[in-house]
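Using my numbering, you'd call the opening residue of the sequence shown number 2 and step up by one each time. Here is the structure we will look at, set down as structure tokens.
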Amino acid sequence: MCGIIGYIGKRDALPILIEGLKRLEYRGYDSAGVGILDDKKLSVFRSPGKISSLEKALGDSTIAGTIGIAHTRWATHGPPEERNAHPHADCGARLAVVHNGIIENYAELRASLESRGHTFRSQTDTEVLPHLIEEEQKKKSCDLSTAVRSVLRQIRGTYGIAVVSSEAPDKLIVARLGSPIVLGIGTDEFFVASDASAVLGHTHKVIFLDDGEMAELSRDGYRIFSLDNSKIDKSPEELDWSAEDMQKNGQPHFMLKEMLEQPEVIRNSLRGRLDVENGLAVLGGLRDVAERLRHIDRLIIVACGSAYYAGQVGEYMIEENAGIPVEVELGSEFRYRQPIITENTAVLAVSQSGETADTLAAIREAKMKGALTLGIVNAVGSTIARETDAGVYNHAGPEIGVASTKAFVSQLTVFALLTLFLGRQRKMSMSYGRKLALELQRIPDLVQSILANRQALEPIAASISGAKGMFYLGRKYNAPIAFEGALKLKEVSYIHAEGYASGEMKHGPIALVDSSFPSVVIAPVDSVFEKNKSNIQELKARGGKIFSLTDEDSGDLRSMSDGIIAVPKTVEMLQPILDIVPLQLLAYQVALTKGFDPDKPRNLAKSVTVE
Ligand code: AGP
């Protein structure tokens, strides 16, 4: 998605902005630009493509100036061309605006501005903003903040914006509605960004703006206020993510670094949350709603992508071990349904970024209908985290790789904790709770053993890298793992991989199977093992190549398969946490075999903050 970075202070702004844009590259983009104020002179440079193209466009022009804004754009309105890149300026090229989000009424605003003589250069919705601000300042000769406030009252849609003007050379204005903006509080210098990773190299003190809030920053300080100009007091919070978290720890890719972090991530997700003695999960973020949770009679999980598949595993866990009816809905679908929600319905959003527009919209709909809203979120202070009534942070650390890995494993871990929490409020015995807690503590080491043995996957990666298409099949807890494993392969290797519940394959999809159409079958020795074996026989009978993922060297499975993906054994409810790890590694290895960069998969963005 688009990224914003801004700076005001005593240092040269340009290098700070360029470095900030590079920290935002992981979000996915297709053009970039900077706007620098040098006293009364505004310089804007923009370029399609990567930041390196922008640096080339800048050449050795030494742009002075200690205040500026910059942007990476993921095209929504208008193709990735220089004229559509941000910042966008007004007719007089006196002010510059960068924007994340979508202005839904931009067409009518643009028509009205053009009828008043404004000249537009781009096809974007964003460009109406500088012209509207220019118009406001002309009409009322007001200060920049006032002009921006009155313009934002005319906007329908979402925005996270940063504005500078040569007529207010010591001001940087930001505002947010639906697209995150964070302030970085330095010593005599201030930063603004669309996410904290862009400012962590300079400060750990941050303030997250809420929807409808604005901030005016100068070299001496900042003030936060609402659109009706009432002052808002917010104190900075200290983020414990260090800049090096953003680095790759010496690994070639963020995706590998983050997969290798998974044992520690699971430990962090569990830290302080297991009372083994009493077989309980201690979830501080649910303390205030614990009694309401005791009485919920239905749980709706809303999420997108990998988070949705994590929710499907959570559904099996909670229904089987806590006895609560659960349904899992795609965020993008739930919001258009007429969901039946009562005061005993809880709606749980699962989101790594906490900014996914579809999931956020679903939560807002649920809240409006009176549901108790919960979140399982990784990004501290993100919108979903702040708009739900209660929740559990993953503590997985920043996930930079576009294809989710450690966040997914952390989501499964938190679902196990939530199952323990809800189950023990109901019929789950202390002894079973204790067994679950003890087994959860073993999981990090079991994941470590899979990572240590990842070379064993290389022949399988080589064997499937030429496939045009393939199946991932699983049952019960492993059906969602089949979907997630297929998504991983799609995302980073661009092979058309389909996840299916094993039992569904014979209802049509098996027509695809022949010797050039391999399958990965997730078949741990569990309650549905024999059923999976029959599916493997059916695939073999059609000449399909089979790679079986299983937790024991179950002899005849080896003889039936063209390759074995071995994982350690744990209780059925926790087995999915182990089973997904080799499938993540397999996707990564296939991507490398095909010469693709797994950190920057084509067409994808890390956080989809548009609908
Ligand atoms: C997963 O590999 C993808 N990057 C994508 O499906 C992602 O899980 C989805 O967009 C949801 O994102 P969220 O968890 O930040 O809400």
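Just so it is clear, CB atoms sit at the ideal spot from N, CA and C, and this is done for glycine as well.
(request) Might you give, ordered along the chain, the residues of its own chain that have their beta carbon closer than 7 Å to the beta carbon of residue 14, omitting 5 neighbours on each side? (result) 8, 37, 66, 67, 68, 69
(message) Please classify residue 263 as buried or exposed, where buried requires at least 16 other C-beta atoms within 10 Å of its C-beta.
(response) buried
(request) Name, in chain order, the residues that DSSP records as bridge partners for residue 574. (result) Paired residues: none, contrary to the question.
(message) Determine whether the beta carbon atoms of residue 550 and residue 503 lie at a separation below 8 Å.
(response) no
(request) Name the residue from 22, 188, 274 whose alpha carbon lies nearest to the alpha carbon of residue 195. (result) 22
(request) In the DSSP assignment, find the alpha helix (DSSP H) that holds residue 445 and state where it starts and stops. (result) 431-453
(message) Is residue 609 close to the ligand AGP? I mean its beta-carbon at under 7 Å from any heavy atom of the ligand.
(response) yes
(message) Count Cβ pairs between the region 554-570 and the region 523-532 that sit closer than 8 Å; are there 3 or more?
(response) yes
(message) Taking 8 Å as the threshold (C-beta atoms), are residue 593 and residue 417 in contact?
(response) no
(request) Taking 8 Å as the cut-off, decide whether the C-beta atoms of residue 207 and residue 162 are in contact. (result) no
(request) Examine the Cβ distances between the region 463-474 and the region 427-443 and report whether three or more of them are shorter than 8 Å. (result) no
(message) Among the candidates 224, 283, 201, whose CA atom is the shortest distance from the CA of residue 210?
(response) 224
(message) By the DSSP assignment, the beta strand (DSSP E) with residue 1 in it spans what residues?
(response) The structure shown does not extend to residue 1, since the chain spans only 2 to 612, so no value can be given for it.
(message) Report the CB separation of residue 135 from residue 93 in whole angstroms; it is logged as a contact under 8 Å.
(response) 7 Å
(message) Quick check on DSSP: helix, strand or coil for residue 1?
(response) Because the chain spans 2 through 612 in this model, residue 1 falls outside it and cannot be assessed.
(message) I need the DSSP call for residue 304, collapsed to helix, strand or coil.
(response) strand
(message) Strictly by DSSP, which residues pair up with residue 49?
(response) 32
(request) May I ask you to report which of helix, strand or coil DSSP gives residue 473? (result) strand
(message) Whole angstroms are fine: how far does the CA of residue 449 sit from the CA of residue 539?
(response) 34 Å
(request) Mind reading off the beta-carbon distance from residue 381 to residue 605? Whole number of angstroms is fine, and I expect it under 8 Å. (result) Not confirmed; about 24 Å, so no contact.
(message) Per the DSSP calculation, residue 330 is bridged to which residue(s)?
(response) 303
(request) Kindly list the residues whose CB is nearer than 7 Å to the CB of residue 10, restricted to its own chain and excluding five residues on each side of it in sequence; keep chain order. (result) 67, 187, 189, 190, 191, 220
(request) Starting from residue 209, trace the beta strand (DSSP E) both ways and give me its first and last residue. (result) 206-209
(message) Do residue 151 and residue 96 count as a contact pair if the criterion is CB distance below 8 Å?
(response) no
(message) For the pair the region 293-311 and the region 355-371, tell me if three or more CB-CB distances fall below 8 Å.
(response) yes
(message) Let me check understanding here. Comparing Cα to Cα, which of 364, 496, 535 lies closest to residue 505?
(response) 535
(message) Check this for me: beta carbons of residue 511 and residue 524, under 8 Å apart or not?
(response) no
(message) Is any non-hydrogen atom of the ligand AGP found closer than 7 Å to the C-beta of residue 488, if you look at the structure I gave you?
(response) yes
(request) Compare the C-alpha of residue 438 against each of 159, 275, 469 and name the closest. (result) 275
(request) Using DSSP bridges, identify the partner residues of residue 501. (result) 474
(message) Is the separation between the beta-carbon of residue 561 and that of residue 520 shorter than 8 Å?
(response) no
(message) Report the CB separation of residue 193 from residue 5 in whole angstroms; it is logged as a contact under 8 Å.
(response) 7 Å
(request) Give a yes or no on contact between the region 395-415 and the region 328-347, applying the rule of three or more CB pairs nearer than 8 Å. (result) no
(message) Just to confirm the assignment, what range does the alpha helix (DSSP H) spanning residue 536 have?
(response) 530-542
(request) Within its chain, find whatever has a CB closer than 6 Å to the CB of residue 25; leave out the 5 residues flanking it on each side and keep chain order. (result) 4, 73, 199
(request) Would you mind reading off the limits of the beta strand (DSSP E) that contains residue 345? (result) Neither: residue 345 is in no beta strand (DSSP E) and is coded neither H nor E.
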